[in-house]
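Taking it in order: structure first as structure tokens, then the write-up.
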Amino acid sequence: MDRRAEAAPSERQPRLRRNDRVDHFEIVRLIGRGGMGEVYLARDTKLGRRVALKLIHPERIGSKEAIDRFIVEARATAQFNHPNIVTIYAIGEVDEMPSVALEYLTGQDLQQRTKEGRLSTREAMRVGMAVARALEEAHGRELIH
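Here the working numbering is used: the first residue of the sequence shown is 1486, the next is one more, and so on.
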């Protein structure tokens, strides 16, 4: 019996390992894991840049309609060129599940940052303004997030 199938998503072994390939992306390492899937640091072998490669957990997609929605959302996001919206480079598949190659950004996410302590007023305003600018851009294109 495959114990990975029984384990919670956060307890599973990564689906991919160093040097595995997904399309023209070569895996470097796992950088994050959440309720929707796993994110890997990967190298784009065609363009020589680092990317974040996000793989969706099969149990989170569930249906062809959900996969289609995921792809439509990725295509919509790929239309943006905005400093507060991540750039999508490609969509693909791993074991018939969608994957997306995104701009690789260094630093912390907001959840990690807030674990270190309360944000200063200045920092909270900077984050809030970045989110507001991204939402303004999306809503200006009639895209609701």
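Ideal Cβ placement from N, Cα and C applies to all residues, glycine included.
Being a predicted model, the structure only gives us computed values, none of them experimental.
Work out the CA separation of residue j and residue i for me, nearest whole Å.
i	j	result
E1544	Q1596	24 Å
V1536	T1606	32 Å
R1626	T1562	11 Å
R1611	A1551	34 Å
Y1589	L1526	7 Å
M1614	L1620	10 Å
R1500	D1594	23 Å
Looking at the structure shown, is residue i part of a helix, part of a strand, or coil, going by DSSP?
i	result
M1610	helix
R1618	helix
V1465	Shown here, the chain extends from 1486 to 1630; a query on residue 1465 therefore has no answer.
R1668	Because the chain here runs from 1486 to 1630, residue 1668 falls outside it and cannot be looked at.
With DSSP as the reference, identify every bridge partner of residue i, one or two as the case may be.
i	result
M1582	V1579
L1604	L1604 pairs with nothing; no bridge assigned.
Determine the contact status of residue i and residue j, defining contact as a CB-CB distance below 9 Å.
i	j	result
E1477	I1570	Lying outside 1486 to 1630, the shown extent of the chain, residue 1477 is not represented and no answer is given.
A1529	G1577	Checking the sequence shown, residue 1529 turns out to be Asp, not Ala. No.
V1524	I1516	yes
H1567	R1534	no
Rounded to whole angstroms, how far is the Cβ of residue i from the Cβ of residue j, which I believe are closer than 8 Å?
i	j	result
L1540	G1522	5 Å
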